[in-house]
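Protein sequences appear in the order of chains U and X.
Counting from 50, one number per residue, gives the positions in the first sequence under the working numbering.
Counting from 23, one number per residue, gives the positions in the second sequence under the working numbering.
From the three backbone atoms N, C-alpha and C, an ideal C-beta is built for every residue, glycine too.
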Amino acid sequence: MGRTRKPKLAVWKFASCDGCQLSLLDCEDELLDVVGAVEIAYFPEATRVSSRGPYDLSLVEGSITTLDDIRRIATIRKASKRLVTIGACATAGGIQALRNFKDVHEFVAAVYARPDYIDTLDRSLPIAHYVPVDFELRGCPINKYQLLELLSALLAGRRPSFPEHSVCIECKRRGAVCVMVAQGTPCLGPITHAGCGAICPAFARGCYGCYGPMETPNTASLGERWTALGVPPAAQARALRTFNAWAEPFRAAADAAAAAGKDRQP
Amino acid sequence: MTAKTRTLKVGALARVEGEGGLLVRVTRGKVTDVRLHIFEPPRLFEAFLRGRDYAEAPDLTARICGICPVAYQMSAVHALEAALGVTVSPEVRALRRLLYCGEWIESHALHIFMLHAPDFLGYEDVIGMAKDHGALVRQALEIKKVGNDLMTTLAGREIHPINVRVGGFYRAPDRRELAPFVDRLERARDIAAAAVRWTSALPMPAFEQPYEFVALRHPDEYPLNEGRLVSSRGLDITPSEFEAHFTEEHVQHSNALQGSLRGRGAYLVGPLARYSLNFDRLPPVAQDAARAAGLEPICRNPFQGIVVRAVELLFTCEEAIRLVRTYEPPARPFVQATPRASTGAACTEAPRGFLYHRYTLDDQGAILEARIVPPTAQNQKSVEHDLQVFVEQHLDLPQAELTRRCEQAIRNYDPCISCATHFLDLRVERE
Chain U
50 MGRTRKPKLA VWKFASCDGC QLSLLDCEDE LLDVVGAVEI AYFPEATRVS SRGPYDLSLV
110 EGSITTLDDI RRIATIRKAS KRLVTIGACA TAGGIQALRN FKDVHEFVAA VYARPDYIDT
170 LDRSLPIAHY VPVDFELRGC PINKYQLLEL LSALLAGRRP SFPEHSVCIE CKRRGAVCVM
230 VAQGTPCLGP ITHAGCGAIC PAFARGCYGC YGPMETPNTA SLGERWTALG VPPAAQARAL
290 RTFNAWAEPF RAAADAAAAA GKDRQP
Chain X
23 MTAKTRTLKV GALARVEGEG GLLVRVTRGK VTDVRLHIFE PPRLFEAFLR GRDYAEAPDL
83 TARICGICPV AYQMSAVHAL EAALGVTVSP EVRALRRLLY CGEWIESHAL HIFMLHAPDF
143 LGYEDVIGMA KDHGALVRQA LEIKKVGNDL MTTLAGREIH PINVRVGGFY RAPDRRELAP
203 FVDRLERARD IAAAAVRWTS ALPMPAFEQP YEFVALRHPD EYPLNEGRLV SSRGLDITPS
263 EFEAHFTEEH VQHSNALQGS LRGRGAYLVG PLARYSLNFD RLPPVAQDAA RAAGLEPICR
323 NPFQGIVVRA VELLFTCEEA IRLVRTYEPP ARPFVQATPR ASTGAACTEA PRGFLYHRYT
383 LDDQGAILEA RIVPPTAQNQ KSVEHDLQVF VEQHLDLPQA ELTRRCEQAI RNYDPCISCA
443 THFLDLRVER E
């Protein structure tokens with residue numbers, strides 16, 4: 050029997066916390082099988098090995114925040130047959146995209162003594178803003194079981210199967226009590242992409258949207274509900290401006306809430 | 023030696039969290055330049071925390087680091103509770119300690135077996151190591167998983183847990199949920215005890231350094247969440263006095279500020295410091311294991327950090343067993359805080375060293391100013407100093423071998439570069 054070459058896997062990092070790539074090392078039960086099925090060609094968090102492309106699959110963590118990042122992601126894209134972004138930084142710009150709403154130079158000056166030593170772009174943007182992306186894994190952090198599903202599907206040559214509904218469906222499936230209906234706790238579940246397993250409602254708190262917007266979310270309707278629960282517009286804007294602040298539906302809804310808040314000020 | 027200049031360069035360090043590189047320049051047998059480059063891009067947390075509600079800080083700052091999010095959450099809630107005058111119940115306090123044990127177990131197991139051990143045995147990574155040491159790697163994954171599962175049960179997930187809030191937890195587990203962990207932790211404790219023996223038998227460079235150790239010290243516990251900040255040269259302060267004694271400077275080759283003790287310079291935080299300042303606070307099982315492994319109560323060899331981490335891994339398993347066995351659910355999972363204009367600071371012990379947070383709030387509870395000093399920033403000067411001494415002692419080694427040893431010397435610190443690029447500066451502009 051002819052020996053087939055193992056697919057080459059590379060894991061790349063841009064501006065991020067390292068948590069999404071750590072998810073792979075957190076697959077304790079499956080890790081040895083995964084590394085048996087692929088060739089780890091580049092994954093500096095785990096190995097000194099560094100092999101040249103082309104890569105069959107590149108997992109990309111983090112957002113683009115420097116000029117060098119823009120050059121690097123273009124090179125990675127060229128060297129990769131498939132490129133999958135993992136997590137909120139790579140798919141939406143991450144929490145560091147909060148700079149996009151402000152003056153980044155003032156931000157740098159607030160943190161660093163010598164702003165002139167710091168090289169950073171005005172905006173933190175998702176990978177897909179710069180290069181085509183074959184698939185996106187949502188979440189801050191990603192769900193490691195979704196990562197395993199992605200790897201299995203790509204190895205088997207099929208399309209990965211992920212839910213595209215809201216967190217509400219996962220919440221019902223898990224049998225959790227609706228925190229918004231039962232306790233009046235503000236929850237982003239109705240507009241947030243599934244994938245986490247609805248863990249926040251199961252721990253008696255509202256969803257805080259770390260998986261980003263679902264397809265065609267009704268943000269206006271949820272905003273009315275939050276207003277009825279007594280959440281001021283400024284607080285609604287903040288709730289949407291976290292890890293997926295730059296994702297269009299959250300950004301638009303937050304801008305609208307922030308504008309409404311300003312109108313009400315005396 | 024010839025007059026030739028020799029340069030050691032590592033473009034991107036492997037098996038560390040985040041992006042860093044190394045440059046060492048040697049001229050006529052003397053190290054003339056050592057730079058731990060930190061090119062991890064800045065993410066500017068302290069800047070965007072301004073204007074956020076205090077209650078958001080635990081979830082927002084967790085995102086500084088996917089490896090030690092609990093450390094960020096713990097330092098944040100303790101600092102904010104100090105600001106707001108909140109005291110949590112003993113049950114909540116114990117539950118926080120248990121959550122922190124979960125993170126320590128996961129992080130230490132990851133570093134000992136998957137990131138650091140391959141250096142001692144000459145592998146590129148744990149994958150290669152698994153081929154020859156399969157049983158060991160499977161045990162490593164088993165103990166790591168216990169830590170992760172503990173975090174998931176207590177707080178929803180292991181990376182960026184969702185159950186921590188100022189004043190306590192959103193929901194406290196019942197006894198039945200935690201009880202099954204006793205058996206698993208007992209097995210983990212056995213693995214950790216074996217790890218102390220195994221790591222102590224690794225080939226260990228003789229390399230003692232005259233560090234000033236700094237760590238928390240508590241009247242009767244090995245430190246996690248509370249204690250005074252003490253040093254091996256007589257420092258003894260409350261965490262709120264941190265900024266009066268420590269300073270940071272911004273150097274061009276790093277997106278992380280370098281920590282320094284005022285008037286004294288470099289200092290060391292992390293397992294070596296914690297262990298050497300708190301040996302008497304370890305449970306007997308951990309003290310005995312350390313002695314049997316040939317460790318003195320004070321350890322000044324950073325390469326032996328792998329053994330000290332294994333001792334701490336044993337301690338955390340033992341401590342987690344005690345906490346699960348004695349667990350009583352709190353009457354209420356949290357205390358509701360009332361916003362007020364205030365400032366509060368706290369240090370807690372992240373797996374790789376203590377982590378300082380300070381927040382200033384307005385009367386509505388909005389954050390006016392935040393300051394975060396992570397362990398890797400504090401250790402940067404010591405890392406560079408170690409490298410200088412180490413390279414001068416080993417100039418006879420071939421280039422590839424010397425480079426590899428330098429990488430190992432950096433990994434002694436379990437550096438978390440993602441954490442290190444966030445900090446801090448006293449010059450914060452107010453809006």
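Partner residues on chain U for residue i, Cβ-Cβ distance less than 7 Å
i, result
"X:D147", "A95, T96, R97, V98"
"X:G40", "D67"
"X:L163", "E77, L80"
CB contact below 8 Å: residue i versus chain U
i, result
"X:E451", "With a pLDDT of only 24 at X:E451, under the threshold of 50, the placement of this residue in the model should not be trusted; the figure read from the coordinates follows. With 8 Å as the cut-off, X:E451 counts as an interface residue toward chain U."
"X:M96", "no"
"X:N277", "yes"
"X:H272", "yes"
"X:K153", "no"
"X:A101", "no"
"X:K167", "yes"
"X:E68", "yes"
"X:N401", "no"
"X:E362", "Checking the sequence, you will find Arg at residue 362 of chain X rather than Glu. Chain U, which has no Cβ nearer than 8 Å to the Cβ of X:R362, makes this no."
"X:A139", "no"
Per-residue contacts from residue i into chain U (C-beta, under 9 Å)
i, result
"X:Y378", "None at all; the shortest Cβ gap to chain U is about 15 Å."
"X:R331", "What X:R331 touches in chain U: nothing, since even the nearest Cβ is about 17 Å away."
Among the options, the one whose alpha carbon lies nearest that of residue i
i, options, result
"X:P261", "X:A295, X:V395, X:E68", "X:V395"
"X:C87", "U:C189, U:V180, U:A123, U:I135", "U:C189"
"X:V413", "X:C428, X:A422, X:E265, X:Q402", "X:C428"
"X:A314", "X:T221, X:H133, X:S276, X:V273", "X:T221"
"U:A86", "U:L106, U:F252, U:T134", "U:L106"
"U:A309", "U:F299, U:A283, U:A294, U:Y104", "U:A283"
"X:L377", "X:Y244, X:R74, X:R393", "X:R393"
"X:P437", "X:L417, X:V38, X:H155, X:V32", "X:V38"
"U:R187", "U:G111, U:Y104, U:T96, U:R97", "U:G111"
"X:P457", "X:Y76, X:L317, X:E199", "Not covered by the structure: residue 457 of chain X. The range shown for chain X is 23 to 453."
"X:R209", "X:E340, X:D385, X:G366, X:G42", "X:E340"
"X:E350", "X:C90, X:D385, X:L117", "X:L117"
"X:H379", "X:L132, X:S97, X:E78", "X:S97"
"U:P250", "U:N149, U:Q232, U:A225", "U:A225"
Below-8 Å beta-carbon distance, residue i vs any chain X residue
i, result
"U:V180", "no"
"U:Q232", "no"
"U:V216", "no"
"U:A64", "yes"
"U:L71", "yes"
"U:T115", "yes"
"U:K55", "no"
Partner residues on chain X for residue i, Cβ-Cβ distance less than 9 Å
i, result
"U:F35", "No information on residue 35 of chain U is available, as it lies outside the stretch 50 to 315 that chain U covers here."
"U:T134", "Within chain X, no residue comes near U:T134; the closest Cβ sits about 16 Å away, beyond 9 Å."
"U:R121", "Under the 9 Å cutoff, chain X gives no residues; its nearest Cβ is about 11 Å from U:R121."
"U:R287", "G73, R74, D75, E78"
"U:D82", "Simply none; closest approach about 11 Å."
Amino acids of chain X, ordered along the chain, whose beta-carbon sits closer than 8 Å to that of residue i
i, result
"U:L74", "L132, M136"
Closer than 7 Å at the beta carbon, the chain X residues around residue i
i, result
"U:Y166", "H272, Q274"
Under 8 Å from the C-beta of residue i: neighbouring residues of chain U
i, result
"X:R211", "Within chain U, no residue comes near X:R211; the closest Cβ sits about 18 Å away, beyond 8 Å."
"X:C87", "C66, D67, G68"
"X:D205", "The contacting residues do not exist; X:D205 stays about 17 Å from chain U at best."
Sequence ranges, beta strand (DSSP E) only - wholly within the segment 180-220 of chain U, length at least 3: 184-186
Uninterrupted alpha helix (DSSP H) stretches inside the segment 313-347 of chain X (no shorter than 4 residues): 327-347
The segment 194-212 of chain X contacting the segment 167-175 of chain X, beta-carbon criterion three pairs below 8 Å: yes
Segments assigned alpha helix (DSSP H), at least 4 residues, entirely inside the segment 265-310 of chain U: 268-277, 282-289
Sufficient close CB pairs (3 or more, under 8 Å) joining the segment 45-54 of chain X to the segment 135-143 of chain U: no
At least 3 beta-carbon pairs within less than 8 Å: the segment 61-70 of chain X vs the segment 277-293 of chain X: yes
Stretch-stretch touch, CB-based, cutoff 8 Å, three pairs: the segment 127-142 of chain U with the segment 258-269 of chain U: yes
Any 3 or more C-beta pairs closer than 8 Å across the segment 295-307 of chain U and the segment 262-272 of chain U: yes
Runs of beta strand (DSSP E) lying entirely within the segment 362-405 of chain X, each at least 3 residues, in chain order: 364-372, 375-383, 389-395
The segment 147-165 of chain X / the segment 64-83 of chain X touching (three or more Cβ pairs under 8 Å): no
Any 3 or more C-beta pairs closer than 8 Å across the segment 242-259 of chain U and the segment 207-218 of chain U: yes
Cβ contact check for the segment 112-132 of chain X and the segment 399-416 of chain X: 3 or more pairs under 8 Å: no
Touch test, the segment 99-109 of chain X against the segment 182-200 of chain X, Cβ-Cβ under 8 Å, three pairs minimum: yes
Validate contact between the segment 161-179 of chain U and the segment 115-130 of chain U using beta carbons, cut 8 Å, 3 pairs: yes
Segment contact flag, the segment 246-253 of chain X with the segment 225-232 of chain X, C-beta cutoff 8 Å, min 3 pairs: no
Validate contact between the segment 94-106 of chain U and the segment 138-154 of chain X using beta carbons, cut 8 Å, 3 pairs: yes
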